[in-house]
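Heads up: the sequence shown begins at 1 in the working numbering, then just goes up one per residue. Since the structure comes first, as structure tokens, the remarks are kept for the end.
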Amino acid sequence: MGRRKALIAVAVTALLLIGATIAWEYFAVEEVSVVGSTHYTDEEIEDRVMTGLLGHNSLYLKLKYRDRPITDVPFIERMDVTINSPTSVTINVYEKAVAGYVKYLGRYMYFDREGNIVEASTDQIQGIPYVTGLSFDECVLYEPLPVEDPTVFSTILAITQLFDKYDISADRIYFSDSGNVTLYFGNARVILGTMDNIDEKMMKLKNIIPSIRNLSGELHLEEYSADKDEGYVTFEKDQ
1 MGRRKALIAV
11 AVTALLLIGA
21 TIAWEYFAVE
31 EVSVVGSTHY
41 TDEEIEDRVM
51 TGLLGHNSLY
61 LKLKYRDRPI
71 TDVPFIERMD
81 VTINSPTSVT
91 INVYEKAVAG
101 YVKYLGRYMY
111 FDREGNIVEA
121 STDQIQGIPY
131 VTGLSFDECV
141 LYEPLPVEDP
151 TVFSTILAIT
161 QLFDKYDISA
171 DRIYFSDSGN
181 VTLYFGNARV
191 ILGTMDNIDE
201 KMMKLKNIIP
211 SIRNLSGELH
221 LEEYSADKDE
231 GYVTFEKDQ
């Protein structure tokens, strides 16, 4: 009787091992698609999602992330994992909408289009404009940046959208006390002035940037519009 039980135990163990081996091979992920990530490479996203000994097993991933989005990654609102087949998964990345950043106590404080601080980091992310000239006493994560005129954030959003439209990348956006806008490209400063005719100013700027990027001075566009071209665009070199 004891020998029979031992044989049964050995058989069950063998079956479990065979089943585990089959499951390991059958559900082994061979193809990973990452959708929606611009801050991180596909490999970095995979490393954050597919962790541990069973990280590349689709059955394990399905159980681990079922009804449980990933929300603890900087600059990411959430990530969802979709199992396409036993060997294929898709990681959908939903990034936080970042409009710009300010510097505060040695950190980069990133804010969204409403001015809410969505991330604090020691890393400077390329492609997100540095905004200066804003006055605030404190900067608290997940709270609005306490500036005197909150409408400045809609202005920042409009400018960054035009950056995308005309493929412009500025080092810095500066707001004066009166709300006038200056863009920085290295040592070249572009005086936009008010937001009047801003689309036309940006269209003009796109064609001028290559010729001033390595210069030191000020490009004046504050009076420019499509019907006022000649004489309203000037560049003054620094002495």
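Ideal Cβ positions, reconstructed from N, Cα and C, are used throughout, including at glycine. It should be emphasised that the depicted structure is a prediction, and the values quoted were computed from it without experimental measurement.
Cut-off 7 Å between Cβ atoms - residues of its own chain near residue i, not counting five sequence neighbours on either side
i	result
V81	V49, L61, Y65, V89, I91
E148	S135
L157	A99, R113
H39	F75, E95, I125
Whole-angstrom C-beta distance between residue j and residue i, which should lie under 8 Å
i	j	result
R113	A99	5 Å
R172	T132	6 Å
V29	S58	5 Å
L145	I191	Not a contact, Cβ separation roughly 24 Å.
G115	F153	4 Å
C-alpha gap between residue i and residue j, whole angstroms
i	j	result
E25	V32	16 Å
V35	F163	23 Å
I125	V118	14 Å
V93	E222	40 Å
D199	T182	15 Å
T151	I168	23 Å
A170	L105	23 Å
I212	A188	6 Å
A226	E43	46 Å
P74	L63	24 Å
F27	P69	21 Å
Y130	T87	42 Å
I83	A97	26 Å
Q239	L215	12 Å
N197	K228	11 Å
L141	T155	22 Å
I305	Y232	Summary: the structure shown does not reach residue 305, with the chain confined to residues 1 through 239, and so no result is reported for it.
N180	M195	8 Å
T41	C139	29 Å
R107	S178	27 Å
S85	I22	16 Å
E143	D137	13 Å
T122	D47	21 Å
Cβ neighbour criterion (16 or more within 10 Å) applied to residue i
i	result
G52	exposed
G193	buried
T160	buried
G186	exposed
G127	exposed
S217	Here residue 217 turns out to be Gly, not Ser, going by the sequence shown. With fewer than 16 Cβ atoms within 10 Å of its Cβ, G217 is classed as exposed.
K298	In this structure the chain extends from 1 to 239, so residue 298 is not present and cannot be described.
I76	buried
Y110	buried
Any non-hydrogen atom of the ligand MG within 7 Å of residue i CB
i	result
R113	With respect to the ligand MG, the structure offers nothing, as it holds no ligand at all.
Own chain residues within Cβ distance below 8 Å of residue i, not counting five before or after
i	result
I45	V34, S37, M79, I91, V93
Y166	M202, M203, L205, K206
Y224	N197, E200, K201, K204, Y232, V233
Sequence-distant residues of its chain with Cβ nearer than 6 Å to residue i (five each side left out)
i	result
T71	R78
A120	R107, M109, L141
### Task
Could you pull out every unbroken beta strand (DSSP E) segment of at least 3 residues lying fully inside the region 93 to 147, listed in chain order?
100 to 104, 107 to 111, 117 to 121, 130 to 132
### Continuous beta strand (DSSP E) assignments of at least 3 residues falling wholly in the region 59 to 89
76 to 85
### Task
Counting only runs of 3+ residues fully inside the region 158 to 237, write out the beta strand (DSSP E) ranges in chain order.
172 to 175, 181 to 185, 188 to 193, 217 to 220, 234 to 237
#### Entry: Every unbroken beta strand (DSSP E) within the region 25 to 62, with a cutoff of 3 residues, ordered by chain
31 to 35
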